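Q:
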Amino acid sequence: MTKHPYPTVDIIIEIGGGILLIKRKNPPFGWALPGGFVDYGESLEDAAVREAKEETGLDIKLLSQFHTYSDPDRDKRIHTISTVFIAKADGEPKPGDDAKDLLIFQKDSLPEEMAFDHKRILDDYLVKIGSGI
Numbered sequence: 071m072t073k074h075p076y077p078t079v080d081i082i083i084e085i086g087g088g089i090l091l092i093k094r095k096n097p098p099f100g101w102a103l104p105g106g107f108v109d110y111g112e113s114l115e116d117a118a119v120r121e122a123k124e125e126t127g128l129d130i131k132l133l134s135q136f137h138t139y140s141d142p143d144r145d146k147r148i149h150t151i152s153t154v155f156i157a158k159a160d161g162e163p164k165p166g167d168d169a170k171d172l173l174i175f176q177k178d179s180l181p182e183e184m185a186f187d188h189k190r191i192l193d194d195y196l197v198k199i200g201s202g203i
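Convert by adding 70 to the 1-based position in the sequence shown; the result is the number in our numbering.
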């Protein structure tokens, strides 16, 4: 049987001048971008909207596809390939699904320790928005 990587999505949700992160209630623990696995028959965009709603209770507006991260070690459990989206949201987020808690972090005070490769993703994002690209 041939093994294949699993497609996932992660969402950088801009809200209230900051970035919304969830605190995971399942391993690997820590702060993370909202996101998860793409269901069979589901587009990446639909998966991003669904995962954001399940984990934060928010209806998001996708602004753009940011980047795809494919390092086989990005998730220690299995090989995943994540397409990251940038989105905006309004409203009051509430933790749900895999989220134990959530918080809006200012862009200059993001947590140093994060699950998966989400620190790298946010570092790349901050470089992009800082450079105006």
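Even glycine gets a Cβ: it sits at the ideal position worked out from N, Cα and C. Just so you know, these numbers come straight off a predicted model, no measurement behind them.
1) Would you kindly report the start and end of the unbroken beta strand (DSSP E) that includes Val108?
2) Taking the C-alpha atoms as reference points, what is the distance between Asp143 and Glu182?
3) With Glu84 as the anchor, note down where its beta strand (DSSP E) starts and where it stops.
4) Assess, as a yes-or-no matter, whether the region 163-182 is touched by the region 130-139 under the definition of 3 or more beta carbon pairs within less than 8 Å.
5) Does DSSP classify Arg94 as helix, strand or coil?
6) Quick check: what's the CA-CA separation for Arg190 versus Phe155?
7) Rounded to whole angstroms, how far is the Cβ of Ala122 from the Cβ of Ile85, which I believe are closer than 8 Å?
8) Have a look at Gly106 and Ala185 and give me their C-alpha separation to the nearest angstrom.
9) Ile148: buried (16+ other C-beta within 10 angstroms of its C-beta) or exposed?
A: In terms of the structure at hand:
1) According to the DSSP assignment, Val108 belongs to no beta strand (DSSP E), since it is labelled neither H nor E.
2) Rounded to whole angstroms, the gap between the alpha carbons of Asp143 and Glu182 is 19 Å.
3) Glu84: member of the beta strand (DSSP E) spanning 76-85, first to last residue.
4) With a cut-off of 8 Å, the region 163-182 and the region 130-139 do not count as touching, because too few Cβ pairs lie within range.
5) Correct three-state label for Arg94: strand.
6) Spanning the two alpha carbons is a distance of roughly 14 Å.
7) Not a contact, Cβ separation roughly 11 Å.
8) Cα to Cα, Gly106 sits roughly 13 Å from Ala185.
9) Burial is judged here by how many other beta carbons sit within 10 angstroms of a residue's own beta carbon; Ile148 has fewer than 16 and is exposed.
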